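Protein sequences appear in the order of chains A and B. So the mapping is simple: this note's numbering equals the position in the first sequence, first residue as 1, plus 3. So the mapping is simple: this note's numbering equals the position in the second sequence, first residue as 1, plus 22. This report refers to the structure that appears directly beneath it.
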Amino acid sequence: MTGQPRRIVRFLKATMMRYVPGMITCAEFDDFIVSYLDGTLPQKERRLFEFHIRYCRECREYLSAYRRTVELEKAAFRQVEAELPESVPEDLIQAILKAREPRP
Amino acid sequence: MPDNFERDDEHTLIDQLRRGCPRAAESFVRENAGWMMTVARRYVTDRALAEDCVQDAFLSAFTNIDRFEGRSSLRSWLHQIVVNAALMKFRTLRRHDPRPIDDLLPALDAYGVRVEAPWHQIATPAEILEREDMRRLVMKKIDELPDDYRIVLLLRDIEELSTNEVAGLLGLTEGNVKVRLHRARTALKKLVEPLLRKEFGS
């Protein structure tokens, strides 16, 4: 589906999201996403958010990829940092202990 | 009750640190300096400067140990201190933003409907991170985010601080922190999409 028919579908979808009660737009979906994933979105907004995922293919797939991105980012840090643990030079330890000493 | 033992140990250690016991101080430094270096280097890549952060953090910890109230564990208290020290150092270094974020923000069409090419399958982090060059690539993509966004991403997703804590650290409103976090994640999603997209037959 390309060109004119596709534009009509998107126009209808936009109209529906904007005017049908109980629906939110993709921009509002963006506003809710961080709180939704934190689990702090109030129940009413959470229901609107979850309903949006059901009728908006784009937001549904966007959310899955978004979630995976956050998982990927966390896992990358975990793995890379575990592979290369920081060695602490002895002179740093001595410098820290020395700087502490003069305190009464 | 390992929990109680740990708490008792921590109480003893804090007492000793308050009394200025040199042996307690030494083991305290040896035990924590490593992971604190790891945290500092998330913000300050240069090794020597990251060492400065760790040193600053320990001095601040020794100075303020009397005021440690034990509402959190000693480790999370230290974590806050080293993140703070690293952020202070980071502010003096502020690099040039390597790329603008505009073309990486959430994409909506003229009607306000999201634009998202269909996904067939999404690779899991384990699949992607199996290869060493991919691990480096993901880290490089995170590093490419503009500073204002990358910092919020690190503080929220990697340090796992709350929106409220990040707002306090950066002098932003909570709403602002959420917007930046959302933009940072969306931008990163776009940057790693070639890795996440699993084409059929490949």
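Even for Gly, the Cβ is constructed at its ideal location relative to N, Cα and C. This one's a predicted model, so the numbers in the text were calculated from it and none came from an experiment.
| Check | Outcome |
| --- | --- |
| Residue ranges of each beta strand (DSSP E) run of no fewer than 3 residues wholly in the segment 108 to 153 of chain B, ordered along the chain? | none |
| Please state the DSSP three-state secondary structure of B:Arg93. | coil |
| Can you name the residues of chain A whose CB is closer than 7 Å to the CB of B:Val214? | Thr72, Leu75 |
| How is the alpha helix (DSSP H) around B:Leu203 delimited, first residue to last? | 196 to 218 |
| Taking only beta-carbon positions, decide if A:Val91 is within less than 7 Å of chain B. | yes |
| How about B:Leu167 and B:Ala209: are their beta carbons less than 7 Å apart? | yes |
| Tell me which residues share the same chain as B:Arg63 and place their Cβ nearer than 6 Å to its Cβ, disregarding the 5 neighbours each side in the sequence. | Ala72 |
| Using a Cβ-Cβ cutoff of 8 Å, what residues of the segment 111 to 141 of chain B are near chain A? List them in chain order. | Pro128, Leu130, Asp131, Tyr133, Gly134, Val135, Arg136, Val137, Glu138, Pro140, Trp141 |
| Go ahead and pull the three-state DSSP assignment for A:Val23. | coil |
| Give the straight-line distance between the Cα atoms of B:His101 and B:Asp124, rounded to the nearest whole angstrom. | 33 Å |
| Does the CB of B:Asp78 have a neighbour CB from chain A at under 7 Å? | no |
| Closer than 6 Å by C-beta to B:Leu175: which residues in its own chain qualify, once you throw out the five before and the five after it? Chain order, please. | Ala206 |
| Using a C-beta to C-beta distance shorter than 9 Å, which residues of chain B count as neighbours of A:Val124? | With chain A covering only 4 through 107, there is no way to say anything about residue 124 of chain A. |
| Could you check if A:Phe35 is buried or exposed, using at least 16 other CB atoms within 10 Å of its CB as the buried criterion? | buried |
| So A:Cys29 and B:Gly134 are in contact, right, with Cβ under 8 Å, and what is the actual spacing, rounded? | 6 Å |
| Which residues bound the alpha helix (DSSP H) around B:Val188? | 185 to 192 |
| Any C-beta of chain B sitting closer than 7 Å to the C-beta of A:Glu53? | no |
| Determine, using beta-carbon pairs with one atom in the segment 157 to 164 of chain B and one in the segment 100 to 114 of chain B, whether at least three such pairs fall under 8 Å. | no |
| Residue range of the alpha helix (DSSP H) that A:Val83 falls in? | 60 to 86 |
| Mind checking the segment 170 to 182 of chain B against chain A and listing, in chain order, the residues whose C-beta falls within less than 8 Å of any C-beta there? | Leu175, Asp179, Ile180 |
| Is B:Ser224 close to chain A, meaning its C-beta is less than 7 Å from at least one C-beta of that chain? | At B:Ser224, the pLDDT of 44 sits below 50, so the modelled position is not reliable and the matter cannot be decided from this model. |
| Does the Cβ of B:Tyr237 have 16 or more other Cβ atoms within 10 Å, making it buried, or fewer, making it exposed? | Past the boundaries of the shown model lies residue 237 of chain B; chain B is included only from 23 to 224, so the question cannot be answered. |
| What first and last residue would you give for the alpha helix (DSSP H) that runs through B:Arg82? | It should be pointed out that residue 82 of chain B corresponds to Ser in this sequence rather than to Arg. B:Ser82 -> alpha helix (DSSP H) spans 69 to 86. |
| Can you list the residues of chain A that B:Gly101 reaches, using a CB-CB cut of under 8 Å? | Position check: residue 101 of chain B holds His in this sequence, whereas Gly was assumed. Residues of chain A passing the Cβ test: none, with the nearest at roughly 14 Å. |
| Rounded to whole angstroms, what's the CA-CA distance from A:Glu76 to B:Thr34? Just pull it up for me. | 38 Å |
| Compile a chain-ordered list of the residues in the segment 38 to 50 of chain A whose CB is closer than 8 Å to at least one CB of chain B. | Ser38, Asp41 |
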